[in-house]
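Here the sequence shown stands for residues 24 to 164, where the numbers follow this note's numbering. We put the beta carbon where it would ideally sit given N, CA and C, even for glycine. Here the structure is laid out as structure tokens; the discussion comes afterwards.
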Amino acid sequence: MSFLSEEMLQQKTSQELTMLLYEACEQNIQQALDSITTKQYMEANQKFQRSIDILERLGVGLNDAAGIIADQLDALYTYMRGLLIEANIEKSIDKAQRVLHILQELQTAWQQAMQTQKNHQPAIQAKKRAAYEQFARYEYK
């Protein structure tokens, strides 16, 4: 994500930022796996730590008002962090791949949710505009 400027990051929606964090986490896990296979354990450690940090930030950034979905995502992020900690200590490719699989599933679901929201955005805006216009007419009568 170092290629993104501060200004570009500020222009992203929270959903887009979440997707960027998922992508960065996936990239770091993949690099950690590559480092394990080449026996570069210090590099693997750094990449695992970055992934764990990203998952921590994702958990902290959850909106509690989202209810059960936020709770379930928090539990999932906690589980994934735990697996990555174990993968880092044991240099376990299997555990890291499990996290990678979960993360890829999350990315797919998140992408679909973003697309669904994008597809419904014009209808939502039209409803808001109609409600505003109706309210404005009511106010001026």
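Leu107 sits close to Ala119, with the two beta carbons spaced by under 8 Å. Counting only the Cα atoms, Gln38 lies some 17 Å from Glu79. In the three-state reduction of the DSSP assignment, Asn111 falls in the helix class. Burial state of Ala67 is buried, judged by a 10 Å Cβ sphere holding 16 or more other Cβ atoms. For Leu43, the enclosing alpha helix (DSSP H) has its first and last residue at 37-60. Three or more beta-carbon pairs separated by less than 8 Å link the stretch 36-51 to the stretch 130-141, which places the two stretches in contact.
One thing to note: Leu123 has its Cβ within 8 Å of the Cβ of Ile52.
Scanning its chain for C-beta atoms nearer than 8 Å, with the 5 sequence neighbours on each side dropped, one finds around Leu126 the residues Tyr45, Cys48, Glu49, Ile52, Met103, in chain order.
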